[in-house]
Each structure stands twice: as structure tokens, then as C-alpha cells.
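S.K.: Structure provided below as C-alpha cells; questions to follow.
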Ligand SMILES: [Zn+2]
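Chains as they are written, first to last, in my numbering: chain B, 69 to 384; chain U, 174 to 332.
Shown next as C-alpha cells:
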């Protein structure tokens, strides 16, 4: 099969060789195109990427994301090379990022990069003639996470438009939340932001939402869960964000979701989490009807398979 | 306006007195010294004249800088545009104004602004900084092309 079996061959063509660095680089139409295509990849394990090689440059360790990219590549018949920790590579010897990229691009067809510094993926994309996928750059972007979240939401709700979404927990440092809220805002969703004062959504994001007329309210009492929402997106509250360990314990227990807390909802609510969880979601929710977090992990492979094939111009 | 003052302003903006160089006029009142510092003009070879708190029909008060024997680079013009978007630049050759323009800020600024985010890659690799104009109105906001953080007008850190 070839690209002309795709709904929009023009768009498919425009994706070949392109970088996936930030959700800001994609128009609404392009996002929907990727999600549509991903549906076709859910059950595809054709060897579309036979003979192709991805290099996974994990300057910052992230076993989960790395395994997900590797599995996506293997499922489509491709090969993986790379490293999982910059400490054991030549990078530790002080080579510039641009040089590392210009060397490794000779070994592969596409590059996946994860780095602790924000903007590293953009720099890699500028340095390379190959397509680059951002696997997370510090607190900035993690576009495959955003796309898998969007894919999960659309699968469960049949649409992205006009949903009511509550974000819960650490809204200050969570790049997953920042990125997702900016995209969902384009789809006229409404938001409730539930967080402790010290971990509230950054000012510039709130300003942008206000400027664009997005309906959004903040709530600083976790005991009052907004029961009128379609989705509860929870995040990890990290200990290092708190000076006072007692305060950390108080907050993390207050933001914990369990079956009892969800009894106030008139119908099952979709519960999402980027994982890994610590204790934000009780295991008694794992067989709750709305629990979607393990499905997110499964959808991650689907979305990554889709992008790898799209950028390499090998569609089913 | 008194006659003396009028005369003083006339004298200070008499661009034809310059054989070759640049006149930066209509600088937002209070930015003259910043511009001087940012362009590194206080210890330059060129002769520089500066007028502060001048009367202006258009702006009430303004600052003005004349630089002899120098035409500004793109980066320098971008810096003026950030500090004082209403400024006008007159380029003088052979005592004639050969072009007069506002410091039109480009959509992309390279090597002009420093990113204040300590974990931005631009502060860890030998690369020029790069910023994109996020908004021009109501206030100027720039977005780092690397870490994507937004900086409002008052917090812009010029290189
Ligand atoms: Zn930056």
C-alpha cells in the first residue's frame, strides 16, 4: 500500500522528513491528521520499516519512553540503536550536541532525542538533515506524550471539541499538562485547574488562555472535586518541589484519588495520568470504568509507530 | 515652548551637520542611556552626541543619539526596536538623509537577546540565542526558539 490510500495525501507528504519537536509546530488540522492515521496503526504490525534504523539518544534516562519508542520501531520491522545514559557516551567527554548529531546521523534514518535541557531537540533538529523526534526536553515539550493523550481522549470520548477537563496536582512544573492544555484550548475545551497555591499553573499560560477567551477556573481545595467534568488528568507531585517535607506529605495525600473520592461523580469520569504514579492514584481505581492510564501507555506505542512511519514516508 | 528651547532642539536634530552616520531620533524618553550602553557607544571610536529629555511635539519628551561615521547592524537595530519601538533611524551619507525608517523588529531575532532560563540549551552550547516575536501588542513578548519560554518587554535581557 502507498501514501495515496491515506485520507489526505498532501498532508502525508508534507510530514515526510519533518521534525516533531514541539506541539506549537503543528496546526489543528495536522494534529487531527496524525490522530486519524494512528487509528489505522492500532492493529498494524506490518514490516513497514524493514531495513530502517532509529537512533535513540537518551542523554537523560527514561526507560519507559525509550522502551516505547523501541517497541514501536520493532513492531514495524525496524531496528534500534542508541544509548540510555549520556554518562557512558562520548558526550561525557564534552562533544557539542550538534557534533554528536552530525556523527550519529550517518548511522541511521531517524533520530529520537531525550535531554534534560529545554530546547535540545530543537537544536538537534537544526543540526540534522534527518527527521528528529523530541522524546522530552527538560520541562519544555514531550510531543509524543501530548499526542498519545489526545489520541486516548478522542478514543474514549469520540471527539476533542468542547470537553470539560480538570487538571489535578502539580500544574506548575508538569510539561505534560502545559502542552495538553494549550492544544485542548484550540478545541474549545473548558478547564478546572485544581492545585495547591504553590503549584498553580504558570502565569503566562493563564494569560494566554484568558487572552484567547478560554473558559478556565482555578481551585485550590482538592476536597472539592469538580463533578461536572469529563476528564480528570492527574499528575505526580514531586517531593523536591517542597522545602517542608511535612507540607509535601499533606499535599500529596490531599491530591490522592481513590474509588471513594470518585463516588461523588454522577457517571464514570475518565482518569488519566502520564505515569509512573507514586500514590496519586490508588490501585483500587485500576479496574474502575474510567481508568485510562494503562490505555495511555498502550496508545503511546500506537502514536510512536504512526510518527515513525509518517516521517519516514512508509505508510500502510 | 521658549525660543531658546526650540533653537536647542533644532540644533540637536540638525542631521545635515553629520557627513556620514546615523541619527536615532524619537527614542522613548529615558531610554537614551540604555541604548548608548547596549550599542557599546560610550567607549567607541566614533563621536557620539546625545540629547536627553528633549521637547518633542509628537512625544512630549524624547531622547536622541547621533553617531558619526557609523551605520547600524541588523542586531543593533533589533535592540533599539526592543527598547524603543517608536524610534526613527536616519542614515546619513554625504550630509544627506539616504534612508529614514522605524526600527522594524524582525519576527526572528538571532544573537540579540539572552535567554534567562538556566536550563535552556542556548545557555549550555556555543550557539547564538534565537527568539521569535510572540506578541507585539499590547506589549512586546518574545519566545525563546529553544526552550519556548516567553519573556515580556520589561524582562528582556539584551546581549
Ligand atoms: Zn531559552
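We put the CB at the ideal spot given by N, CA and C, even for glycine.
Please read these numbers as outputs of a predicted model, since none were measured by experiment.
Quick check: does the Cβ of residue 319 of chain U come within less than 6 angstroms of any heavy atom belonging to ligand 1?
M.R.: In the second chain, residue 319 of chain U corresponds to position 146, counting from 1. Because some heavy atom of ligand 1 lies under 6 angstroms away, the Cβ of residue 319 of chain U counts as near it: yes.
S.K.: Is there contact between the stretch 363-383 of chain B and the stretch 265-275 of chain B, where contact requires at least three CB pairs shorter than 8 angstroms?
M.R.: The stretch 363-383 of chain B is not in contact with the stretch 265-275 of chain B.
S.K.: For residue 144 of chain U, decide whether its Cβ has a neighbour in chain B, counting only Cβ atoms nearer than 7 angstroms.
M.R.: The structure shown does not extend to residue 144 of chain U, since chain U is modelled only from 174 to 332, so the question has no answer here.
S.K.: Between the alpha carbons of residue 358 of chain B and residue 346 of chain B, how many angstroms are there, rounded?
M.R.: The residue given as residue 358 of chain B occupies position 290 in the first chain. The residue given as residue 346 of chain B occupies position 278 in the first chain. Answer to the nearest angstrom: the Cα atoms are 19 angstroms apart.
S.K.: Do residue 323 of chain U and residue 307 of chain U have their CB atoms nearer than 7 angstroms?
M.R.: As a first step, residue 323 of chain U must be located in the second chain, where it is residue number 150. As a first step, residue 307 of chain U must be located in the second chain, where it is residue number 134. In contact: residue 323 of chain U and residue 307 of chain U (Cβ atoms closer than 7 angstroms).
S.K.: Looking only at C-alpha atoms, which of B:169, B:378, B:155, B:293 sits nearest to residue 195 of chain B?
M.R.: On the first chain, residue 195 of chain B is found 127 positions in, with the first residue counted as 1. It is B:169 whose Cα lies nearest to the Cα of residue 195 of chain B.
S.K.: Between the C-alpha atoms of residue 130 of chain B and residue 213 of chain B, what's the straight-line distance to the nearest angstrom?
M.R.: Walking along the first chain from the start, residue 130 of chain B turns up at place 62. Walking along the first chain from the start, residue 213 of chain B turns up at place 145. The alpha-carbon atoms of residue 130 of chain B and residue 213 of chain B are separated by roughly 13 angstroms.
S.K.: Does residue 197 of chain B have its Cβ less than 7 angstroms from a Cβ in chain U?
M.R.: By one-based count along the first chain, residue 197 of chain B stands at place 129. With 7 angstroms as the cut-off, residue 197 of chain B does not count as an interface residue toward chain U.
S.K.: Out of U:241, U:249, U:271, point me to the one whose CA is closest to residue 208 of chain U's CA.
M.R.: One-based indexing of the second chain puts residue 208 of chain U at position 35. Checking every option, the nearest Cα to that of residue 208 of chain U belongs to U:249.
S.K.: Determine whether the Cβ of residue 187 of chain B lies closer than 7 angstroms to any Cβ atom of chain U.
M.R.: Sequence index remark: in the first chain, residue 187 of chain B carries index 119 (1-based). Interface residue, yes.
S.K.: CA-CA distance, residue 187 of chain U and residue 215 of chain U?
M.R.: Reading the second chain from its first residue, position 14 is the one you call residue 187 of chain U. Reading the second chain from its first residue, position 42 is the one you call residue 215 of chain U. Any reading at residue 187 of chain U must be qualified, since the residue scores a pLDDT of 49, below 50, and its modelled position is unreliable; the value itself is stated next. Between residue 187 of chain U and residue 215 of chain U, the C-alpha separation is close to 22 angstroms.
S.K.: DSSP state of residue 360 of chain B, grouped into three classes?
M.R.: On the first chain, position 292 is the one that residue 360 of chain B refers to. Residue state, collapsed to three classes: coil.
S.K.: Three Cβ pairs or more, each shorter than 8 angstroms: is that satisfied between the stretch 92-107 of chain B and the stretch 211-227 of chain B?
M.R.: Result yes; three or more Cβ-Cβ pairs closer than 8 angstroms.
S.K.: Which residue wins for smallest C-alpha separation from residue 242 of chain U, given the options U:233, U:220, U:234?
M.R.: Within the second chain, the letter at position 69 stands for residue 242 of chain U. Closest by alpha carbon: U:220.
S.K.: Consider the Cβ of residue 195 of chain U: report whether some Cβ of chain B lies at a distance smaller than 7 angstroms.
M.R.: Working through the second chain from its first residue, we reach residue 195 of chain U at position 22. Chain B, which has no Cβ nearer than 7 angstroms to the Cβ of residue 195 of chain U, makes this no.
S.K.: Listing by chain order, which chain B residues have their CB less than 8 angstroms from the CB of residue 279 of chain U?
M.R.: The residue given as residue 279 of chain U occupies position 106 in the second chain. Chain B residues near residue 279 of chain U: none, gap ~18 angstroms exceeds 8 angstroms.
S.K.: I want to see whether chain U comes within less than 7 angstroms of residue 272 of chain B, judged by CB atoms only; does it?
M.R.: Within the first chain, the letter at position 204 stands for residue 272 of chain B. Chain U contact via Cβ: present.
S.K.: So the beta strand (DSSP E) residue 249 of chain B belongs to, where does it begin and stop?
M.R.: Taking the first chain and counting its residues from 1, the one referred to as residue 249 of chain B is at position 181. Where residue 249 of chain B is concerned, there is no enclosing beta strand (DSSP E), although the alpha helix (DSSP H) it sits in stretches over 243-253.
S.K.: Determine which residues of the stretch 161-180 of chain B have a Cβ less than 9 angstroms from any Cβ of chain U, and write them out in chain order.
M.R.: Taking 9 angstroms as the Cβ-Cβ cut-off against chain U, the residues of the stretch 161-180 of chain B that qualify are 164, 165, 166.
S.K.: Between residue 103 of chain B and chain U, is there a C-beta pair that is closer than 7 angstroms?
M.R.: Taking the first residue of the first chain as 1, we reach residue 103 of chain B at position 35. It does not: the Cβ of residue 103 of chain B has no partner Cβ on chain U nearer than 7 angstroms.
S.K.: Tell me the DSSP bridge mates of residue 273 of chain U?
M.R.: The residue labelled residue 273 of chain U in the question sits at position 100 within the second chain. Note: residue 273 of chain U sits in a beta bridge opposite U:263.
S.K.: Exposed or buried, what is residue 199 of chain B when buried is set at 16 or more other beta-carbons lying within 10 Å of its beta-carbon?
M.R.: In the first chain, the residue the question calls residue 199 of chain B occupies position 131. So residue 199 of chain B counts as buried.
S.K.: At the 7 angstroms Cβ level, is residue 187 of chain U part of the contact set with chain B, yes or no?
M.R.: The residue labelled residue 187 of chain U in the question sits at position 14 within the second chain. Its pLDDT being 49, under 50, residue 187 of chain U is placed unreliably in this model, and the coordinates cannot settle the point.
S.K.: Find the residues of chain B that neighbour residue 290 of chain U, judging by a C-beta separation of less than 7 angstroms, and give them in chain order.
M.R.: Locating residue 290 of chain U in the second chain gives position 117, counting from the first residue. By Cβ distance, chain B contributes 186.
S.K.: Verify the contact flag: residue 290 of chain U, CB atom, against every heavy atom of ligand 1, threshold strictly below 6 angstroms.
M.R.: Translated into the one-based positions of the second chain, residue 290 of chain U becomes position 117. Residue 290 of chain U: yes, Cβ under 6 angstroms from ligand 1.
S.K.: Any heavy atom of ligand 1 inside 6 angstroms of the beta-carbon of residue 207 of chain B?
M.R.: Your numbering for residue 207 of chain B matches position 139 in the first chain. It does not: the Cβ of residue 207 of chain B is nowhere closer than 6 angstroms to a heavy atom of ligand 1.
S.K.: Let me check you understand the geometry: is the CB of residue 284 of chain B closer than 6 angstroms to at least one non-hydrogen atom of ligand 1?
M.R.: Looking up residue 284 of chain B in the first chain gives position 216. Answer for residue 284 of chain B: no, Cβ out of range of ligand 1.
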